[in-house]
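**Q** So in the working numbering, spot 9 of the sequence shown is number 600, and the numbers just go up one at a time. Cβ atoms here follow ideal geometry from the backbone N, Cα and C, with glycine treated the same way. Because the structure is a prediction, the values reported are computed rather than measured. Could you have a look at this structure, given as structure tokens, before my questions?
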Amino acid sequence: QVQLSESGGGLVQAGGSLRLSCAASDRSRSAGTLAWFRQVPGKEREFVAAISRSGLTFYADSVKGRCTISRDNAKNTVNLQIDSLKPEDTAVYYCTFSTGSIANPSYWGQGTQVTVSS
592 QVQLSESGGG LVQAGGSLRL SCAASDRSRS AGTLAWFRQV PGKEREFVAA ISRSGLTFYA
652 DSVKGRCTIS RDNAKNTVNL QIDSLKPEDT AVYYCTFSTG SIANPSYWGQ GTQVTVSS
């Protein structure tokens, strides 16, 4: 089992920045991909960004250029910096861990709410 715990969500004005953090349990030290997804009520969860253990990164087109994902393997943490926030970034953000397909993570955190006001 991998436990994931997100923090850093909150209310931000449009144009502002936010940094989300996720602490993962020791099990995530093995090879695997840490990622962030987000979900708006009534819609499916959406991929945001991912980072492999070696540091290879992937971003959704909707956040590319505004978002930076980083990982500290020694501390088992993954961070997501989002700049130039837009109201459409409002969602619950989930940290995930997968050893297989990034699109279908095996483990999910409980999520942290991000609300961007216009």
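1) Just grab the DSSP bridge partners of residue 682 for me.
2) May I ask you to list the residues that DSSP assigns as paired with residue 637?
3) Can you check which of these residues, 694, 607, 706, is closest to residue 635 by C-alpha distance?
4) Check the C-beta distance from residue 698 over to residue 687 and give it rounded, since I have them as a contact under 8 Å.
5) Beta-carbon within less than 6 Å of residue 649's beta-carbon, same chain only, minus the 5 sequence neighbours each way: which residues are those?
**A** Let me spell this out:
1) Taking the first residue of the sequence shown as 1, we reach residue 682 at position 91. According to DSSP, residue 682 bridges with 705.
2) What you label residue 637 is simply residue 46 of the sequence shown in a count that begins at 1. In the DSSP output, where bridge partners are listed per residue, residue 637 has 629.
3) Locating residue 635 in the sequence shown gives position 44, counting from the first residue. With distances taken between Cα atoms, residue 635 lies closest to 694.
4) For the purposes of this step, residue 698 is taken as the residue at position 107 of the sequence shown. For the purposes of this step, residue 687 is taken as the residue at position 96 of the sequence shown. At roughly 6 Å, the Cβ-Cβ gap stays under 8 Å, so residue 698 and residue 687 are in contact.
5) One-based indexing of the sequence shown puts residue 649 at position 58. Counting only Cβ-Cβ distances below 6 Å, and skipping sequence neighbours, we find 641.
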